[in-house]
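Visitor:
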Amino acid sequence: MNKKEIAEVLGEIGTLLELKGENPFKVRAYQNGARALETLTEKLEEVIAEGRLNQIKGVGDALAKKIIELYETGQLAFYEKLKASVPEGLMEMLDIPGLGGKKIKVLHDKLGVDSIESLEQVCRAGKVAELAGFGTKSAEKILKGIKNREAYSKRHLWWNAHEVAEPILDGLRKLPEVARAEHAGSLRRNRETVGDLDFIAASDTPEPIMNWFTEQRDVAEVTAKGETKSSIRLDSGLQADLRIVPLKQFAFALHHFTGSKEHNVQMRQRALSRGLSLSEWGLSDEQDGSPAKNSEGIDSEEALFRYLDLSFIPPELREGLGEIEVAENGDFPDLVKTENLRGCFHNHTNASDGINTLEEMAQAAQSLGWEYLGLADHSKASFQANGLNEERVIQQIDDIRKLNETGKYTAKLFSGIECDILTDGSLDLSDDVLGKLDYVVVSIHASFTQPKDKMTARIIRAIEHPSTTMLGHLTGRLLLAREAYEVDVEKVVDAAIANDVVIEINANPHRLDMDWRHWRKAAAKGLLTSINPDAHSTDHLEFVDAGVRIARKGWLSPESIINTWPLKKVEKFIKNRKR
DNA sequence: GCCGTTTTCGGCCCGACTGTTTTCAGTCG
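Once you know that position 532 of the first sequence is 1696 in my numbering, the rest is easy, because the numbers rise by one and skip nothing.
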């Protein structure tokens, strides 16, 4: 079993133990162990061979033994036995709001509930309301949760969540009682998907704000309403939380609710190591609870980090992945901003499956103030997308050359192609035609189910083609819709570096591929990227903003991103790429 | 189950809200 699969098993053990009513700290130990494996950058094989498993923070002797058993045999007796002792139906009951391990255990032990169906039956029969610790409201809430569980448990694309969140934040800021307001949570951290929305507001008079928040249009349900916190469920199924704190606590609350959980745990541990307790309300003496010395002046996150001798950690880096160690020793790289972009390279026109003409795309790029735009329509194997054959490619090269010569648009147009990587790793167009293009993006659009080693070799062969400039959407994933295909990312990254090939950040909000989790390490090894919107219309060019957010999340600064480079430098780069 | 200038036991991040209870457990983030 590989690292990822083992981490999944450990995580599931945690859930199963939770359902058995085990010690919550033991549950967390398994979850921590799973996470430690997921974020392990070394090869698991080597760590095991060198007997260093239990040196990983969060992995002790017990977990190390289980990891080795899973790694060597693909099975774990402890896990099999545990799984057999918990009805499968209990796992999915955790998705129902208000039900956690303890309540599910009671329902199972007292009423024999072993599935969502049987849970619904006992609720309707009035048996749940009679249980100690439950009541009529609990039963109603469970029934509602069952009815809506698909909508409630669904995550949302960052792009869509952002569209919902923006007007709410604007509305909050316009209220006279609100001194400051921000969004927090995974939206602020630029995660590719968002579970719910978090808003933080500063005010001394929370009541009218809470009323406004819970009475907005599109509110399907108010699930909590208090002085400092309210929760609503929107018609889309998306949940939104609002916290209101006095202005003095705003920085602490904003930091706290921005998270991540892992980042917060580490920050609190850092505070504790200095005899201080950190919460959303401030910093206090761990012993007597009095406010920490000189902490009353902390009115921004910058000041909070400074107080703990850390440089400012940008929100998107707060994932508990080593950012605190870096902040201890100095500053972060100068993260890329949307205004650093001077163009982009993976765009379609109506020659293949885009909806706008070449000229409309050129005009749109110019309106964005860009210096250049690369056109990369599909190649002929993408028949469904009206891909271009050799003849049409030659024609388009000519069209682009002529349009450039008219000087009609200030943005220089590059002629490229999004060339299909065929099943065996060869490219879909003749070498002769590929050689005539300014640049070539290579992508996979078919045969997604090849085994990992075959898929990896296929992509690497395409990378090694002398005309290849960059690799498009590395894993083919569609967020929340289609899994990535199996591929050894590390090997592909190494091959790209060895061949001077760029790996794009596909900025389409459904893709955001290659994943941000790989970029910090890959860029440190020398990999370059291009933030590409994969635009199929002029409107789609704005997707680059989603790509910039992911690049920031991957710790990238403009030097690693070729479409932040000036025209001359980019021209030279893609020209020199041709071998 | 993990971890250790409180080191092999006894902690483990912290607080709000709900629903049930009548002082608090469970859930959630």
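For each residue, glycine too, the CB sits at the ideal point set by N, CA and C.
Would the beta-carbon of V1557 fall within 9 Å of that of V1606?
Guide: As a position in the first sequence, residue 1557 is number 393, starting the count at 1. As a position in the first sequence, residue 1606 is number 442, starting the count at 1. Going by C-beta atoms, V1557 is not nearer than 9 Å to V1606.
Visitor: With distances taken from CA atoms, which of I1231, K1230, K1305 and E1236 is nearest D1259?
Guide: Position 95 of the first sequence holds residue 1259. The candidate whose alpha carbon is nearest that of D1259 is K1305.
Visitor: Measuring CB to CB, does E1284 end up less than 9 Å from L1254?
Guide: Within the first sequence, residue 1284 is the residue found at index 120, counting from 1. Within the first sequence, residue 1254 is the residue found at index 90, counting from 1. Taking 9 Å as the Cβ cut-off, E1284 and L1254 do not qualify as a contacting pair.
Visitor: Give me the Cα-Cα distance between A1540 and F1421, rounded to the nearest whole angstrom.
Guide: Mapped onto the first sequence, residue 1540 falls at position 376. Mapped onto the first sequence, residue 1421 falls at position 257. Looking at the two C-alpha atoms, the distance is approximately 41 Å.
Visitor: For the alpha helix (DSSP H) holding Y1471, just list the boundary residues, first then last.
Guide: Residue 1471 sits at position 307 when you count from the first residue of the first sequence. From DSSP, the alpha helix (DSSP H) with Y1471 extends over E1465 to Y1471.
Visitor: Does the separation of the CB atoms of A1671 and P1697 fall below 9 Å?
Guide: Sequence index remark: in the first sequence, residue 1671 carries index 507 (1-based). Sequence index remark: in the first sequence, residue 1697 carries index 533 (1-based). Result yes, Cβ atoms of A1671 and P1697 sit closer than 9 Å.
Visitor: Output the residue ranges of the alpha helix (DSSP H) runs that lie fully inside the region 1500-1581 and measure 4 residues or longer, sorted by chain position.
Guide: 1522-1531 and 1554-1570
Visitor: Pull up the distance between the alpha-carbon of S1590 and that of L1731, whole angstroms please.
Guide: Locating residue 1590 in the first sequence gives position 426, counting from the first residue. Locating residue 1731 in the first sequence gives position 567, counting from the first residue. Annotation: S1590 to L1731 spans about 30 Å, alpha carbon to alpha carbon.
Visitor: State the CB to CB distance for the pair G1316 and G1401, rounded to an integer number of angstroms; the pair is presumed to be in contact (CB under 8 Å).
Guide: Numbered from its first residue, the first sequence carries residue 1316 at position 152. Numbered from its first residue, the first sequence carries residue 1401 at position 237. It should be noted that the sequence gives Tyr, not Gly, for residue 1316. At roughly 6 Å, the Cβ-Cβ gap stays under 8 Å, so Y1316 and G1401 are in contact.
Visitor: Ignore the nearest five residues each way along the sequence and tell me which others in E1465's own chain have a CB closer than 6 Å to its CB.
Guide: Numbered from its first residue, the first sequence carries residue 1465 at position 301. Once the five neighbours on either side are set aside, the close Cβ partners of E1465 are A1415 and H1419.
Visitor: Among K1389, A1660, L1472 and A1662, which residue has its Cα nearest to the Cα of R1438?
Guide: In the first sequence, residue 1438 corresponds to position 274, counting from 1. When each option's Cα is compared against that of R1438, the closest is L1472.
Visitor: Which runs of the alpha helix (DSSP H) spanning at least 4 residues fall entirely within the region 1382-1447, listed in chain order?
Guide: 1414-1422 and 1425-1436
Visitor: Thinking just about the alpha-carbon of each residue, which of S1579, L1593 and G1538 is nearest to the one in A1545?
Guide: By one-based count along the first sequence, residue 1545 stands at place 381. Considering only alpha carbons, the answer is L1593.
Visitor: What runs of the alpha helix (DSSP H), each 4 residues or longer, lie entirely inside the region 1625-1678?
Guide: 1653-1662
Visitor: Determine whether the beta carbon atoms of W1680 and E1356 lie at a separation below 9 Å.
Guide: If you number the first sequence from 1, residue 1680 lands on position 516. If you number the first sequence from 1, residue 1356 lands on position 192. Taking 9 Å as the Cβ cut-off, W1680 and E1356 qualify as a contacting pair.
Visitor: Select from D1709, L1398, R1675 and V1665 the residue whose C-alpha is nearest the C-alpha of R1741.
Guide: Sequence index remark: in the first sequence, residue 1741 carries index 577 (1-based). Selection D1709, L1398, R1675 and V1665 evaluated against R1741 yields V1665 as nearest (Cα-Cα).
Visitor: Under three-state DSSP, which class holds F1737?
Guide: Position 573 of the first sequence, counted from the first residue, corresponds to residue 1737. It is helical.
Visitor: Using a Cβ-Cβ cut-off of 8 Å (strictly less than) and excluding sequence neighbours within five positions of S1721, which residues of its own chain qualify?
Guide: Along the first sequence, read from residue 1 onward, the residue named residue 1721 stands at position 557. The answer, listed in chain order, is P1497, D1498, L1499 and V1500.
Visitor: Of the residues E1281, D1278, V1270 and R1313, which one's Cα is nearest the Cα of A1293?
Guide: Translated into positions along the first sequence, residue 1293 becomes position 129. Among E1281, D1278, V1270 and R1313, the Cα nearest to that of A1293 belongs to V1270.
Visitor: Terminal residues of the continuous beta strand (DSSP E) containing S1607?
Guide: In the first sequence, residue 1607 corresponds to position 443, counting from 1. Y1603 to S1607 is the extent of the beta strand (DSSP E) around S1607.
Visitor: Quick one: what's got a C-beta closer than 7 Å to V1191's C-beta in the same chain, skipping five residues either side?
Guide: Locating residue 1191 in the first sequence gives position 27, counting from the first residue. Answer for V1191: G1178, L1181 and E1182, listed in chain order.
Visitor: Considering H1783, what are the terminal residues of the alpha helix (DSSP H) in which it resides?
Guide: In the structure displayed, the chain extends from 1165 to 1743; residue 1783 sits before or after that span and is not available.
Visitor: Where R1319 and F1363 are concerned, what is the direct C-alpha to C-alpha distance, given to the nearest angstrom?
Guide: Taking the first residue of the first sequence as position 1, residue 1319 is located at position 155. Taking the first residue of the first sequence as position 1, residue 1363 is located at position 199. Looking at the two C-alpha atoms, the distance is approximately 18 Å.
Visitor: Whole angstroms are fine: how far does the CA of K1736 sit from the CA of M1257?
Guide: In the first sequence, residue 1257 corresponds to position 93, counting from 1. In the first sequence, residue 1736 corresponds to position 572, counting from 1. One C-alpha to the other measures close to 58 Å.
Visitor: Keeping to the same chain, check which residues put their C-beta closer than 7 Å to that of D1602; ignore five residues upstream and five downstream.
Guide: As a position in the first sequence, residue 1602 is number 438, starting the count at 1. Hits under 7 Å: F1578, S1579, G1580 and I1738.
Visitor: By Cβ distance below 6 Å, which residues in the same chain neighbour G1359 in space, the five residues on each side in sequence not counted?
Guide: Residue 1359 sits at position 195 when you count from the first residue of the first sequence. Answer for G1359: R1319, listed in chain order.
Visitor: Go ahead and pull the three-state DSSP assignment for D1121.
Guide: Residue 1121 lies beyond the stretch modelled for the chain, which goes from 1165 to 1743, so this question has no answer here.
Visitor: Could you pull the start and end residues of the beta strand (DSSP E) that H1347 belongs to?
Guide: Taking the first sequence and counting its residues from 1, the one referred to as residue 1347 is at position 183. Here the beta strand (DSSP E) through H1347 covers R1344 to H1347.
Visitor: Taking the continuous alpha helix (DSSP H) assigned at P1715, which residues delimit it?
Guide: On the first sequence, residue 1715 is found 551 positions in, with the first residue counted as 1. The residue asked about is misnamed: residue 1715 is Ala in this sequence, not Pro. Residues V1708 to K1717.
Visitor: Here's the rule I'm using: 16 or more other beta-carbon atoms within 10 Å means buried, otherwise exposed. How should A1662 be labelled?
Guide: If you number the first sequence from 1, residue 1662 lands on position 498. Note on A1662: under 16 other CB atoms within 10 angstroms of its CB, so exposed under the neighbour-count rule.
Visitor: Determine the closest residue to L1234 out of K1266, I1310 and M1165, with distance taken between C-alpha atoms.
Guide: The residue you call residue 1234 lines up with position 70 of the first sequence. Selected option, being the one with the closest Cα: M1165.
Visitor: Return helix, strand or coil for V1223, following the three-state DSSP convention.
Guide: Looking up residue 1223 in the first sequence gives position 59. DSSP, read as helix, strand or coil, puts V1223 in coil.
Visitor: Say whether the region 1524-1536 touches the region 1568-1575, bearing in mind that this needs 3 or more beta-carbon pairs closer than 8 Å, one atom from each stretch.
Guide: yes
Visitor: Near I1332, what residues of its chain come up, given a Cβ to Cβ distance below 6 Å and the 5 sequence neighbours on each side ignored?
Guide: Residue numbering aside, residue 1332 sits at position 168 when the first sequence is read from its first letter. Taken in chain order, the list of residues that qualify is empty.
Visitor: Note down, in chain order, each residue of its chain lying with its Cβ closer than 7 Å to the Cβ of L1485, except the 5 sequence neighbours on either side.
Guide: By one-based count along the first sequence, residue 1485 stands at place 321. Scanning its chain for C-beta atoms nearer than 7 Å, with the 5 sequence neighbours on each side dropped, one finds around L1485 the residues T1203, in chain order.
Visitor: Report the partner residues of A1365 according to the DSSP bridge assignment.
Guide: Reading the first sequence from its first residue, position 201 is the one you call residue 1365. Bridge partners of A1365: A1345 and I1408.
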